[in-house]
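Residue 42 in the numbering used here sits at position 34 of the sequence shown, and the numbers go up by one each step.
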Amino acid sequence: MNFIDLTLLLSVILAVFSIVWSTLKTGISPMMSSSKARDAMLDELELEKEGAVIDLGSGWGTLVIPLAKKYPNKQIVGYELSWLPWLVSIILKYSLRLDNLTIHRKDFRNAELNTASNIICYLFPGAMIALQEKLEKKVFNKVTIVSNTFALPSYKPTKITKLNDFYRSPIYVYHWSQK
Ligand SMILES: C[S@@+](CC[C@H](N)C(=O)[O-])C[C@H]1O[C@@H](n2cnc3c(N)ncnc32)[C@H](O)[C@@H]1O
Numbered sequence: 009m010n011f012i013d014l015t016l017l018l019s020v021i022l023a024v025f026s027i028v029w030s031t032l033k034t035g036i037s038p039m040m041s042s043s044k045a046r047d048a049m050l051d052e053l054e055l056e057k058e059g060a061v062i063d064l065g066s067g068w069g070t071l072v073i074p075l076a077k078k079y080p081n082k083q084i085v086g087y088e089l090s091w092l093p094w095l096v097s098i099i100l101k102y103s104l105r106l107d108n109l110t111i112h113r114k115d116f117r118n119a120e121l122n123t124a125s126n127i128i129c130y131l132f133p134g135a136m137i138a139l140q141e142k143l144e145k146k147v148f149n150k151v152t153i154v155s156n157t158f159a160l161p162s163y164k165p166t167k168i169t170k171l172n173d174f175y176r177s178p179i180y181v182y183h184w185s186q187k
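Structure representation (structure tokens):
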């Protein structure tokens, strides 16, 4: 094995280890929304409203990159903890010169959500509980929330769309405002 082969092998091992580690730490892998889910989610956003679109767990940039490209005047924000997907999405951001896109390598539970008009996410049940608690305690603005597959445990969605895929995956839409 030559030096290049060894470097490649070590890089692959490091990348796999990093993804496994962050999956164990966050509770979910950086699995991308399918193209059907992405299209259905983006259709539900209310982009005429003032304020940022925030992806809680932006992964490789599957949702934030097309959004930032299509809406250059809209502020798009991602929060991502897993460093490899975050790095790839940052490289895409700079390669495509998406000045309206900010991607934080930060836990979304510490995110500032009061500037958001729309929130998108594809998380897991535990993270939806954390999101619900954050909304109840910290979010006083009106926000449209679009979630792939997982629902907020205590709130009734305004709309549920079932995707035409193998799992009939649901896309939940909420119109959040404090009672
Ligand atoms: C299933 S992926 C979804 C990626 C992208 N939003 C999409 O729909 O294609 C979920 C992502 O959320 C990230 N994540 C999970 N918990 C997080 C947290 N507390 N803060 C920031 N990112 C988180 C994971 O690292 C993972 O990349």
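Cβ atoms here follow ideal geometry from the backbone N, Cα and C, with glycine treated the same way.
Through-space distance from residue j to residue i, alpha-carbon basis
{"i": "threonine 110", "j": "phenylalanine 174", "result": "33 Å"}
{"i": "phenylalanine 116", "j": "asparagine 10", "result": "42 Å"}
{"i": "isoleucine 137", "j": "phenylalanine 158", "result": "10 Å"}
{"i": "asparagine 108", "j": "serine 90", "result": "22 Å"}
{"i": "isoleucine 99", "j": "proline 74", "result": "14 Å"}
{"i": "leucine 95", "j": "leucine 14", "result": "22 Å"}
Other residues of its chain near residue i: CB distance less than 8 Å, five sequence neighbours each side excluded
{"i": "asparagine 122", "result": "Lys146, Val147, Phe148 and Asn149"}
{"i": "isoleucine 36", "result": "Gly65, Leu131, Phe132 and Ala135"}
{"i": "leucine 17", "result": "Met9"}
Which residues DSSP lists as bridging residue i, in chain order
{"i": "serine 43", "result": "Partner(s): none; serine 43 has no beta bridge."}
{"i": "isoleucine 168", "result": "Tyr180"}
{"i": "serine 155", "result": "Cys129 and Tyr180"}
{"i": "threonine 110", "result": "Val85"}
{"i": "aspartate 63", "result": "Gly86 and Ile128"}
Contacts around residue i, its chain only, beta-carbon distance under 6 Å, and the 5 residues preceding and following it disregarded
{"i": "leucine 106", "result": "Ala76"}
{"i": "valine 85", "result": "Ala60, Ile62 and Thr110"}
{"i": "arginine 151", "result": "It should be pointed out that residue 151 corresponds to valine in this sequence rather than to arginine. Around valine 151: Ala124, Ile127 and Trp184."}
Cβ-based neighbour list, residue i, same chain, cut-off 7 Å, excluding 5 preceding and 5 following
{"i": "leucine 143", "result": "Trp184"}
{"i": "tyrosine 79", "result": "Leu55"}
{"i": "glycine 67", "result": "Pro38, Met40, Glu88 and Pro93"}
{"i": "alanine 48", "result": "Thr169, Leu171 and Ile179"}
Cβ-Cβ separation, residue j to residue i (assumed contact under 8 Å), whole Å
{"i": "asparagine 156", "j": "serine 41", "result": "5 Å"}
{"i": "valine 154", "j": "glutamate 52", "result": "5 Å"}
{"i": "alanine 119", "j": "tyrosine 163", "result": "In fact, because the Cβ distance is near 19 Å, the residues do not count as touching under 8 Å."}
{"i": "serine 97", "j": "valine 72", "result": "7 Å"}
*Are there three or more Cβ pairs, one per stretch, closer than 8 Å when the segment 145-157 is compared with the segment 121-134?*
yes
*Decide if the segment 56-71 is in contact with the segment 164-174; the criterion is three or more beta carbon pairs, one per stretch, under 8 Å apart.*
no
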